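Single-structure report; data block below.
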Amino acid sequence: MTLPFAIIAGLTVGSAIAAMSLRNLVHCALSLVLTFAGLAGLYLQLNAEFVGFTQILVYVGAVAILIVFAILLTRSTEPKDEPATVTPWIGIAVAVGAFLTMALAVLASPVGKRVAAPAPEVSVKTLGQKLMTDYVLPLEVMALLLTAAMLGAVIIAMKDKEGQR
Amino acid sequence: MADFFQAIDQFPVTLKHWLMTQLGGVLPEWAEPLVSAALSITPILAVFPLMFALTTVIERKGLGRIQNRIGPNRVGIPLTNIRLAGFGQFIADGIKSLIKEDVVPRAADKVVHFLAPIALLIPVLLTYSVLPFGRNMVPLDLPQTGLLFFFAVGASTELSVFMAGWSSRNKYSLLGAMRAIAQMVSYEIPLILSALTVVMMAGTLSLSGIVERQMWHVAMPGIPGDQDGLLARWFLFTPWGLVGFFLFLTAAAAEANRTPFDLPEAESEIIAGYFTEYSGFKFAIFFLAEYLGLFAMCGLGITLFLGGWLPPVNFAPFTWIPSWCWFLGKLSALIVLFIWLRGTLPRLRTDQLMGFAWKFLLPMTLINLVVAALWHLLANSIPLVARWPLCFAMLAVPYWLLGRGFEAKFTKREYRFAN
Numbered sequence: 022m023t024l025p026f027a028i029i030a031g032l033t034v035g036s037a038i039a040a041m042s043l044r045n046l047v048h049c050a051l052s053l054v055l056t057f058a059g060l061a062g063l064y065l066q067l068n069a070e071f072v073g074f075t076q077i078l079v080y081v082g083a084v085a086i087l088i089v090f091a092i093l094l095t096r097s098t099e100p101k102d103e104p105a106t107v108t109p110w111i112g113i114a115v116a117v118g119a120f121l122t123m124a125l126a127v128l129a130s131p132v133g134k135r136v137a138a139p140a141p142e143v144s145v146k147t148l149g150q151k152l153m154t155d156y157v158l159p160l161e162v163m164a165l166l167l168t169a170a171m172l173g174a175v176i177i178a179m180k181d182k183e184g185q186r
Numbered sequence: 451m452a453d454f455f456q457a458i459d460q461f462p463v464t465l466k467h468w469l470m471t472q473l474g475g476v477l478p479e480w481a482e483p484l485v486s487a488a489l490s491i492t493p494i495l496a497v498f499p500l501m502f503a504l505t506t507v508i509e510r511k512g513l514g515r516i517q518n519r520i521g522p523n524r525v526g527i528p529l530t531n532i533r534l535a536g537f538g539q540f541i542a543d544g545i546k547s548l549i550k551e552d553v554v555p556r557a558a559d560k561v562v563h564f565l566a567p568i569a570l571l572i573p574v575l576l577t578y579s580v581l582p583f584g585r586n587m588v589p590l591d592l593p594q595t596g597l598l599f600f601f602a603v604g605a606s607t608e609l610s611v612f613m614a615g616w617s618s619r620n621k622y623s624l625l626g627a628m629r630a631i632a633q634m635v636s637y638e639i640p641l642i643l644s645a646l647t648v649v650m651m652a653g654t655l656s657l658s659g660i661v662e663r664q665m666w667h668v669a670m671p672g673i674p675g676d677q678d679g680l681l682a683r684w685f686l687f688t689p690w691g692l693v694g695f696f697l698f699l700t701a702a703a704a705e706a707n708r709t710p711f712d713l714p715e716a717e718s719e720i721i722a723g724y725f726t727e728y729s730g731f732k733f734a735i736f737f738l739a740e741y742l743g744l745f746a747m748c749g750l751g752i753t754l755f756l757g758g759w760l761p762p763v764n765f766a767p768f769t770w771i772p773s774w775c776w777f778l779g780k781l782s783a784l785i786v787l788f789i790w791l792r793g794t795l796p797r798l799r800t801d802q803l804m805g806f807a808w809k810f811l812l813p814m815t816l817i818n819l820v821v822a823a824l825w826h827l828l829a830n831s832i833p834l835v836a837r838w839p840l841c842f843a844m845l846a847v848p849y850w851l852l853g854r855g856f857e858a859k860f861t862k863r864e865y866r867f868a869n
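And the structure:
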């Protein structure tokens, strides 16, 4: 384990814990952004530059803004004084159990013993060509889904106007 | 003779190289990349904040002239009569903001309030790391993802704006932040799409690669420019490049919150927008980040459309000027253009702002993308003399059609009492 990896991993996990445990929703959202950025750092560590920067562009630049807007538009961000009603211990036990199962499964599997394949020279050009040829159907389906979502959003936003008439 | 000019051109690179060889024996091995990075960063941190400082004075003087005032002309060297035509003003401003009290509202979210200016300045400074300032002068050359890095890091400033606006617990701050985010998200799309046209035509995301594609000797199908080298092959000289540059510049002005898109900090409406509750040096950092963001956007525009550090023509007196001088000269020209725009144009209304982004800029950038593809495909079948006007007409007609919807609809004004 190298030092940069330790720093990034610690940051990611720490901010993820903060995102779950903080009481103020906006603080949670901001911690979540730090988690996204940490994940991008991990991608960069794996020499996946394109994925790493896309992660920042999409998650830090767009998804985080969406989350923040959703919080501000729907409810008060002020934390309520009432104590948390759910005890975290059961959740923690389940999470630790799940993690241990997965970790043991990974350690038992022969993945770690395999010799790492030589990293293929994947350029952005290859990615684009793959998207436009082999994976064009998923891409189009996604585009259709997003268009449908956008139409739905527009219709929801238009409803008020019709009611006024 | 040519060697001498080349030596000046490459002076920053050779200086860094010389320093690294001198330090090579002294430094431990792990420190070498760090020192090398620090040596690359230092000129950026020295040049661009200084440029910001000078720009503040020039902007105030320029705006003063446009508004028939004199502008700052007093501050010079203390205890003497030397006034430097007011160019000491930025030092006085800097000292003032340093020693001012740092007021934090009692209700403010202290941690987020403190972090916001830092989270704004750092991404803005990071965007400079991929800009090619001169020949062989790019601090961090990302051959696969240069432009993507610029936009990814640039997009994270939106969140800092939100942090500043939300943590201040002030309705004007929050309104300003909301306006800023809505504007930045909307204008990011035409900005990226207009830059994408260049990526499509150059076939690379590397910014230094894009500059190289605009050189004379690189054969690009159908970019006007003399193969033997009189006129440069800047993308600006193609119809899609010309239109793309102006679309890019408009969207960049909106991204950098410059007039006429300065609604997020409209003084007459919401005090100072998202940094209303910042004082002293934190305010100065917001100011600095805003201008540095503008400079970075201009630098990207220069790299994409204006040939980066390349001179416009390829003969002697112009090629003697060092490449970094060309870059800084183009940057200064664009900054002056933005100051001029600020002094000339009134501010838009919010609905006009959104309508302009979605109903005009976005369709235009999409049409531009198609025209650029057509320009590329017709390269071998239609001669340049016919292709240029054809492609330009394909952009000018939609421009006219889309622009018609934005003409002010004047009717005869009815005066209720004055008639």
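Protein chains in written order, with the working numbering: chain A, 22 to 186; chain B, 451 to 869. Cβ coordinates follow ideal geometry from the N, Cα and C atoms, glycine included. Predicted model only: the values in this text are computed from it and were never measured.
For residue 42/A, the number of other beta carbons within 10 angstroms of its own is below 16, and it is reported as exposed. Chain B places no beta carbon closer than 9 angstroms to that of residue 175/A, leaving this residue out of the contacts. Interface with chain B (9 angstroms Cβ-Cβ cutoff): residue 70/A is included. Here residue 848/B has 817 as same chain residues with Cβ atoms under 6 angstroms from its own Cβ, once five neighbours each way along the sequence are excluded.
Taking a C-beta distance under 9 angstroms as the contact criterion, residue 635/B and residue 83/A qualify as a contact pair. Around residue 574/B, no beta-carbon contact reaches into chain A at under 7 angstroms, the shortest distance being about 14 angstroms. As a beta-bridge residue in DSSP terms, residue 587/B pairs with 584/B. In its chain, beyond the 5 residues on either side, 636 and 637 have a beta carbon closer than 6 angstroms to the beta carbon of residue 807/B. For residue 799/B, there are no CB contacts under 7 angstroms within the same chain when 5 residues up- and downstream are skipped.
Nearest C-alpha to residue 576/B among 598/B, 562/B, 760/B and 564/B: 598/B. Its chain contains 795, 797 and 798 as the residues whose beta carbon lies nearer than 6 angstroms to that of residue 710/B, once the 5 sequence neighbours on both sides are disregarded; these appear in chain order. Looking from the CA of residue 724/B, the closest CA among 640/B, 652/B and 612/B belongs to 612/B. A distance of 9 angstroms or more separates the beta carbons of residue 787/B and residue 776/B. Not a single C-beta of chain A is nearer than 9 angstroms to the C-beta of residue 660/B. Residue 743/B is outside the set of residues whose beta carbon lies under 9 angstroms from a beta carbon in chain A. The beta carbons of residue 773/B and residue 459/B sit about 6 angstroms from each other, so the pair counts as a contact at 8 angstroms. Between residue 640/B and the set 624/B, 578/B, 839/B and 805/B, the nearest pair of CA atoms involves 805/B. Across the set 654/B, 707/B, 494/B and 511/B, the C-alpha of 511/B shows the shortest separation from the C-alpha of residue 521/B.
At a cut-off of 9 angstroms, the C-beta of residue 727/B has no neighbouring C-beta in chain A. Just so you know, the alpha carbons of residue 73/A and residue 64/A end up roughly 5 angstroms apart. Chain order gives the chain A residues near residue 655/B as 145, where near means a beta carbon separation below 8 angstroms. DSSP places residue 79/A within a helical segment (H, G or I) once states are collapsed to three.
Contact between residue 815/B and residue 618/B is ruled out by a C-beta separation of about 35 angstroms, above the 8 angstroms threshold. The criterion of a C-beta distance shorter than 9 angstroms is not satisfied by residue 574/B and residue 563/B. Per DSSP, residue 47/A has no beta bridge partner at all. Nearest neighbour of residue 606/B by Cα position, chosen from 739/B, 477/B, 863/B and 472/B, turns out to be 739/B. 735/B is the residue among 753/B, 840/B and 735/B whose C-alpha sits nearest the C-alpha of residue 569/B.
With a cut-off of 8 angstroms on Cβ pairs, the segment 580-597 of chain B is in contact with the segment 460-472 of chain B, counting three or more such pairs.
Residue-level contact by beta carbon fails for residue 847/B and chain A, as no gap is shorter than 9 angstroms.
For residue 110/A, the enclosing alpha helix (DSSP H) stretches over residues 110-129. Counting only Cβ-Cβ distances below 7 angstroms, residue 89/A has contacts in chain B at 612, in chain order. Interface flag for residue 595/B against chain A is set, since a Cβ pair is found closer than 9 angstroms. Residues of the same chain with a CB within less than 8 angstroms of the CB of residue 863/B, apart from the 5 flanking positions on each side, do not exist. Between the C-alpha atoms of residue 656/B and residue 591/B there is a straight-line separation of about 7 angstroms. Within chain B, no C-beta atom comes nearer than 7 angstroms to that of residue 120/A; the closest sits roughly 30 angstroms away. Using a CB distance below 8 angstroms, no part of the segment 814-846 of chain B faces chain A.
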